[in-house]
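> As given, the protein sequences belong to chains U and X, one line each in that order.
Per full-length UniProt numbering: the first sequence = residues 1 to 201.
Per full-length UniProt numbering: the second sequence = residues 1 to 201.
Ideal Cβ placement from N, Cα and C applies to all residues, glycine included.
Dropping a structure here in structure tokens format, bear with me for questions.
2 protein chains.
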Amino acid sequence: MKFSPLVQELIDSLKCLPGVGAKSAQRMAFHLLERNRRGGSKLSQTLALAMENIGHCEQCRNFTEEALCEICQSPKRKIATQLCIVETPADVIAIEQTGEFQGRYFVLMGHLSPLDGIGPDDLGLDILEKQLATGQFTEVILATNPTVEGEATAHFIAELTQTHDVEISRIAHGVPVGGELEYVDGNTLAHALSGRKNYSF
Amino acid sequence: MKFSPLVQELIDSLKCLPGVGAKSAQRMAFHLLERNRRGGSKLSQTLALAMENIGHCEQCRNFTEEALCEICQSPKRKIATQLCIVETPADVIAIEQTGEFQGRYFVLMGHLSPLDGIGPDDLGLDILEKQLATGQFTEVILATNPTVEGEATAHFIAELTQTHDVEISRIAHGVPVGGELEYVDGNTLAHALSGRKNYSF
Ligand SMILES: [Zn+2]
Ligand SMILES: [Zn+2]
Chain U
1 MKFSPLVQEL
11 IDSLKCLPGV
21 GAKSAQRMAF
31 HLLERNRRGG
41 SKLSQTLALA
51 MENIGHCEQC
61 RNFTEEALCE
71 ICQSPKRKIA
81 TQLCIVETPA
91 DVIAIEQTGE
101 FQGRYFVLMG
111 HLSPLDGIGP
121 DDLGLDILEK
131 QLATGQFTEV
141 ILATNPTVEG
151 EATAHFIAEL
161 TQTHDVEISR
171 IAHGVPVGGE
181 LEYVDGNTLA
191 HALSGRKNYS
201 F
Chain X
1 MKFSPLVQEL
11 IDSLKCLPGV
21 GAKSAQRMAF
31 HLLERNRRGG
41 SKLSQTLALA
51 MENIGHCEQC
61 RNFTEEALCE
71 ICQSPKRKIA
81 TQLCIVETPA
91 DVIAIEQTGE
101 FQGRYFVLMG
111 HLSPLDGIGP
121 DDLGLDILEK
131 QLATGQFTEV
141 ILATNPTVEG
151 EATAHFIAEL
161 TQTHDVEISR
171 IAHGVPVGGE
181 LEYVDGNTLA
191 HALSGRKNYS
201 F
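Written out as structure tokens, the structure reads:
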């Protein structure tokens with residue numbers, strides 16, 4: 001005895017979502033069927049549109065349903081001389097929200113991970129090279145995550161970028177603003193110490 | 001700065017799933033877009049079919065895409081004299097998997113919960129009464145959960161059932177088979193003691 005074929009199919013389909021196992025999928029299916037059919041139908045339509053129409057920006061690889069994303073389309077950004085390299089679309093949003101950066105982005109959509117079979121080609125580094133070859137950019141900011149994989153990826157891209165005539169920088173590691181020293185991990189604290197600057201009065 | 005309109009819409013739509021907040025929805029959207037478009041499209045199609053076609057069995061209220069569910073359609077079950085009342089479709093499956101029950105079910109799709117505005121009508125008790133009025137059943141087994149709400153619901157249905165000429169039983173509470181007494185909660189242990197039976201040699 002199983003659920004009816006279509007109920008079972010719905011449960012199985014929901015398991016394609018990351019972090020959703022058999023029990024969660026069942027709970028989701030019952031919830032939609034019993035309490036939110038409108039939400040389920042809306043999700044169905046949006047999923048169809050999204051899977052069909054969302055691609056990668058031709059310049060920065062960010063997700064977009066147009067050829068160029070909103071940032072790459074912006075006249076101000078078109079003439080930007082700084083290129084900030086990040087791992088994910090969420091990182092773009094995080095940096096945009098600081099309001100401190102007016103340049104362009106390049107979104108790797110991940111990081112180098114030989115064990116998972118993710119190499120330079122999967123990160124679109126050939127597209128990155130073409131961007132650098134235009135000579136538009138005078139600085140490349142490596143803003144990958146401060147993780148082992150992020151550092152390795154930053155290092156790889158730094159070497160690749162060296163063959164072009166641009167400055168290469170890495171975002172600073174250090175104590176988070178507003179954080180208490182007591183609760184900062186040792187590695188971060190070591191970076192904060194070695195990266196210390198002269199006190200500016 | 002936000003994600004592109006369609007990416008944002010996908011993230012928002014995914015939030016209709018129970019237990020999925022902004023961060024999880026974002027992770028799900030990126031995962032589908034980047035690694036599993038086929039799964040996303042399949043989910044879209046199945047959702048549309050399911051929201052459109054899955055209804056409740058006319059007899060037992062379980063989810064089914066037909067007028068009667070598989071169990072209610074079975075010739076053996078059609079003449080069953082036992083009716084087992086459970087809270088959810090998952091409970092039907094759990095009982096079926098024991099292989100110990102050959103009767104019919106009635107699925108409440110929840111339990112009485114005045115605070116959430118869930119009353120007798122929401123549990124289909126009018127349909128239950130019609131089933132009992134046929135005179136087919138000689139025993140009603142109350143198999144709602146051993147929770148406060150489940151007990152209250154069982155009690156309510158027992159009173160309603162009393163007006164019909166049927167035996168009423170409640171599933172036994174006690175120590176789980178294979179469990180260690182030491183780890184059983186006091187309430188369950190009290191039930192296990194008060195429900196003790198003569199030892200059968
Ligand atoms: Zn772009
Ligand atoms: Zn049925």
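Consult DSSP for His173/X and reduce its assignment to one of helix, strand or coil.
The sequence position of residue 173/X within the second sequence is 173, counting from 1. If DSSP states are grouped into helix, strand and coil, His173/X belongs with coil.
> Compare the C-beta of Pro75/X against all C-beta atoms of chain U and say whether one is closer than 9 Å.
Counting from one through the second sequence, the residue named residue 75/X turns up at place 75. It does not: the Cβ of Pro75/X has no partner Cβ on chain U nearer than 9 Å.
> Is the region 44-57 of chain U in contact with the region 2-17 of chain X, if contact means three or more CB pairs nearer than 8 Å?
yes
> When you get a sec, list the residues whose CB is within less than 6 Å of any heavy atom of ligand 2, chain order please.
Cys57/X, Gln59/X, Cys60/X, Asn62/X, Leu68/X, Cys69/X, Ile71/X and Cys72/X
> Determine, using beta carbons only, whether Gln102/X and Arg77/X come nearer to each other than 9 Å.
As a position in the second sequence, residue 102/X is number 102, starting the count at 1. As a position in the second sequence, residue 77/X is number 77, starting the count at 1. A contact, by the Cβ cut-off of 9 Å.
> Of all Cβ atoms in chain X, is any one closer than 9 Å to the Cβ of Ala48/U?
Here residue 48/U corresponds to residue number 48 of the first sequence, with the count starting at 1. Closer than 9 Å: yes.
> Which residue from Asp185/U, Leu181/U, Gly174/U and Tyr183/U puts its Cα closest to that of Gly195/U?
Residue numbering aside, residue 195/U sits at position 195 when the first sequence is read from its first letter. Of the candidates Asp185/U, Leu181/U, Gly174/U and Tyr183/U, the one whose C-alpha sits nearest the C-alpha of Gly195/U is Gly174/U.
> Buried or exposed, going by whether 16 or more other CB atoms sit within 10 Å of the CB of Tyr183/U?
Your numbering for residue 183/U matches position 183 in the first sequence. The residue in question, Tyr183/U, is exposed, as its Cβ has fewer than 16 Cβ neighbours within 10 Å.
> Work out the CA separation of Glu34/X and Cys144/X for me, nearest whole Å.
What you label residue 144/X is simply residue 144 of the second sequence in a count that begins at 1. What you label residue 34/X is simply residue 34 of the second sequence in a count that begins at 1. At residue 144/X the sequence reads Thr, which differs from the Cys that was named. Spanning the two alpha carbons is a distance of roughly 43 Å.
> Using three-state DSSP, classify Arg35/X as helix, strand or coil.
Residue numbering aside, residue 35/X sits at position 35 when the second sequence is read from its first letter. Here Arg35/X sits in helix by DSSP.
> Terminal residues of the continuous beta strand (DSSP E) containing Glu139/U?
Translated into positions along the first sequence, residue 139/U becomes position 139. DSSP places Glu139/U in the uninterrupted beta strand (DSSP E) bounded by Glu139 to Leu142.
> If you follow the alpha helix (DSSP H) that Gln73/X is in, where does it begin and where does it stop?
Along the second sequence, one-based indexing puts residue 73/X at 73. From DSSP, the alpha helix (DSSP H) with Gln73/X extends over Glu70 to Gln73.
> What residues from the region 23-47 of chain X come within 8 Å of chain U, judged by C-beta to C-beta, listed N to C?
Ser24, Gln26, Arg27, Met28, Ala29, Phe30, His31, Leu32, Leu33, Glu34, Asn36, Arg37, Gly39, Gly40, Ser41, Lys42, Leu43, Ser44, Gln45, Thr46 and Leu47
> How many whole angstroms separate the CB atoms of Pro89/X and Phe30/U, which I take to be in contact at a CB cut-off of 8 Å?
The residue labelled residue 89/X in the question sits at position 89 within the second sequence. The residue labelled residue 30/U in the question sits at position 30 within the first sequence. Pro89/X to Phe30/U, Cβ: 7 Å. Contact.
> Check whether the Cβ of Cys16/X lies closer than 9 Å to any Cβ atom in chain U.
Taking the second sequence and counting its residues from 1, the one referred to as residue 16/X is at position 16. Yes, its Cβ sits closer than 9 Å to a Cβ of chain U.
> Name the DSSP bridge partner or partners of Arg104/U?
Counted from its first residue, the first sequence places residue 104/U at position 104. According to DSSP, which records beta bridges pairwise, Arg104/U is partnered with Leu83/U.
> Got a sec: does ligand 3 put a non-hydrogen atom nearer than 8 Å to the Cβ of Tyr183/U?
No copy of ligand 3 occurs in the structure displayed; its ligands are ligand 1 and ligand 2 alone.
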